[in-house]
Amino acid sequence: MAKPIAVGLLGLGTVGSGVVKIIENHQDQLIHQVGCPVVVKKILVRDVYKERDVQVNTSLLTTRADEVINDPEIDVIIEVMGGIEETRRHLLQALQQGKHVVTANKDLMALYGSELLATATENGCDLFYEASVAGGIPILRSLVEGLASDRITKMMGIVNGTTNFILTKMCKYGMPYEQVLAEAQALGYAEADPSADVEGLDAARKMAILARLGFSMNIDLEDVQVKGITDITEEDLDYSKRLGYTMKLIGIAHRDGDKAEVSVQPTLLPDSHPLASVSDEYNAVYVYGEAVGETMFYGPGAGSLPTATAVVSDLVAVMKNMRLGVNGRSAVAPQYEKRLKSRSEIFSKYFVRIHVKDEVGAFAKITAIFAEQGVSFEKILQLPLKEKGLAEIVIVTHRASQQAYEDILQRLRDLEIVHQVKSSYRVEGNGN
1024 MAKPIAVGLL GLGTVGSGVV KIIENHQDQL IHQVGCPVVV KKILVRDVYK
1074 ERDVQVNTSL LTTRADEVIN DPEIDVIIEV MGGIEETRRH LLQALQQGKH
1124 VVTANKDLMA LYGSELLATA TENGCDLFYE ASVAGGIPIL RSLVEGLASD
1174 RITKMMGIVN GTTNFILTKM CKYGMPYEQV LAEAQALGYA EADPSADVEG
1224 LDAARKMAIL ARLGFSMNID LEDVQVKGIT DITEEDLDYS KRLGYTMKLI
1274 GIAHRDGDKA EVSVQPTLLP DSHPLASVSD EYNAVYVYGE AVGETMFYGP
1324 GAGSLPTATA VVSDLVAVMK NMRLGVNGRS AVAPQYEKRL KSRSEIFSKY
1374 FVRIHVKDEV GAFAKITAIF AEQGVSFEKI LQLPLKEKGL AEIVIVTHRA
1424 SQQAYEDILQ RLRDLEIVHQ VKSSYRVEGN GN
């Protein structure tokens, strides 16, 4: 049997503990796959004496990163500590020393992925990051390997478990946002400061990574249009149900020809759409390819063992490359120059809820604004409000450009008979 491959671990939290457990419990399977044992040689932690979910000999623990990164016997660095700037320095140092890297850090890869991948290639190293998107779902490897011969045109999915848990509870049980958020925090699905999740930033980072890989284009985080879920009301969800839709925080990366768009925002999906039934903390990604058609990847989006499974799968890929002598050849430079669609080139259906003065001719004035932009209606509800003198109009449009729709919204807000544009959301569906 070949000599063991030594691993250095940066972080021993939820995911790090899962990595140690899988390496220990699946040692026979790892040996069978790559022909040698795997040994965790050193682990970076903040507190050596902290109680943990996994039993680890304290001699393996250190509070000094250089003891892990500079150890000449360590072949692979697994980063599960989180953070950005300090972690970036650690991983650049590791790669420059010829160590392979596996990371679960989507924040880091969204911001510095191009730099780290270039450094890995320069030094003949592997850098794998499957666990950075959608936890235990092997979506990145599927894009890079399983669908390598296809041309990906669209990726659409639920890539944040926290917001999906919140919206599931709000939709199914009519619970208010604040109450569900508190429950999500109590269950460990949401952080004490949940803003990265509920404002859509976490999902945006993942969509930037997916778009970069799927479209072979240097998509950056700042290229993603982002809107979170904090403004969604019980009334919005009630109208969604009446019209046959389910509200989800959806990430979309769509390419037409040589131009792409990437966004994350609350979206109404037809109840019949497969993503509409993805509940609680689960993630799912729909991938459209010119050859394969539609495929969907579904599974747990977070958690110790699901995410650790993706990390160790990357470790196995590194080890196989080591045995074959082909490390550092997996990172492929983007094939296409980044070209983003303008707002006039992005098309969707839209849901809009408006409070208007309940008077003769009000609806005609509103429809005239839509008609002038060439936007027609697919569904309409008109209801009286308890508030005297006001009525509520709910409209789902046919496909319209984002530019035309934003112009309509601005004109509606300026219209004297419009009391308030209460809410507005994208509508997606089959063939949309």
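Numbered per the numbering used here, the sequence shown spans residues 1024 to 1455. Built from N, CA and C at the ideal position, the CB exists for glycine as well. Here the structure is a predicted model, which means the values were calculated and not measured.
Runs of alpha helix (DSSP H) with 4 or more residues, each lying fully within the region 1061 to 1097, are found at 1088 to 1092, listed in chain order.
If you compare the alpha carbons of A1414, V1310, S1286 and P1357 with that of F1370, the shortest gap goes to S1286. When Cβ pairs closer than 8 Å are counted between the two stretches, the region 1185 to 1199 is seen not to touch the region 1143 to 1162, the count staying below three. Boundaries cannot be given for K1411, as no beta strand (DSSP E) includes it and DSSP labels it neither H nor E. Taking each of N1241, K1122 and L1408 in turn and checking the Cα distance to Y1359, the smallest one comes out for N1241. In this structure, DSSP gives M1345 a helical state, which the three-state scheme calls helix. Scanning C1194, E1368 and I1046 for the CA closest to the CA of R1422 turns up E1368. H1113: not part of any beta strand (DSSP E); member of the alpha helix (DSSP H) spanning E1108 to Q1119, first to last residue. Within the region 1289 to 1366, the beta strand (DSSP E) runs of at least 3 residues that lie entirely inside it are, in chain order, 1305 to 1312 and 1316 to 1323. Burial of T1420 is indicated by the presence of at least 16 other C-beta atoms within 10 angstroms of its C-beta.
Nearest Cα to E1245 within the set Y1262, F1238, A1227 and T1256: A1227. G1312 and D1051 have their C-alpha atoms some 37 Å from each other. Judged by pairs of C-beta atoms under 8 Å, the region 1152 to 1159 does not touch the region 1199 to 1210, as fewer than three such pairs exist. For D1279, the enclosing beta strand (DSSP E) begins and ends at Y1268 to D1279. Across the set I1392, L1408, I1416 and K1411, the C-alpha of I1416 shows the shortest separation from the C-alpha of K1402.
With 16 or more other Cβ atoms inside 10 Å of its own Cβ, R1235 counts as buried. The continuous beta strand (DSSP E) containing T1126 extends over residues H1123 to T1126. Taking a cut-off of 8 Å on C-beta distances, the region 1343 to 1351 does not touch the region 1167 to 1175, as fewer than three cross pairs fall below it. For the set D1430, F1374 and T1330, the Cα lying nearest the Cα of R1449 is the one of F1374. Taking a cut-off of 8 Å for Cβ pairs, the region 1304 to 1321 and the region 1215 to 1225 do not touch, as fewer than three such pairs fall below it. In terms of Cα proximity to I1181, the closest of A1219, D1243 and N1306 is N1306. Taking 7 Å as the cut-off, the Cβ atoms of D1098 and A1029 count as close. Your pair V1091 and L1033 checks out as a contact, with CB atoms roughly 6 Å apart and the cut at 8 Å.
DSSP places I1101 in the uninterrupted beta strand (DSSP E) bounded by V1099 to E1102. Nearest to A1331 by alpha-carbon distance, out of I1045, A1025 and K1026, is I1045. The beta carbons of R1434 and I1392 sit about 5 Å from each other, so the pair counts as a contact at 8 Å. DSSP places I1416 within a strand segment (E or B) once states are collapsed to three. Nearest neighbour of D1076 by Cα position, chosen from L1328, K1026 and R1362, turns out to be L1328. In this structure, the alpha-carbon of L1035 lies about 39 Å from that of V1315.
Note that the C-beta distance between L1272 and I1255 is not below 7 Å.
The beta carbon of T1081 sits closer than 8 Å to those of V1071 and Y1072, all from its chain and outside the five residues before and after it, given in chain order. Each residue's CA atom was taken as its position, placing P1289 and V1125 some 32 Å apart. Within the same chain, and ignoring the five residues on either side of K1065 in sequence, the residues whose Cβ sits closer than 7 Å to its Cβ are G1031, L1083, T1085, E1090, V1091, D1094 and I1097. With contacts defined as CB atoms closer than 7 Å, K1372 and I1440 fail to qualify as a contacting pair. In this structure, V1079 sits away from G1039, with a CB-CB distance that is not shorter than 7 Å. Looking at C1059, K1380 and V1310, the one whose alpha-carbon comes closest to that of V1444 is K1380.
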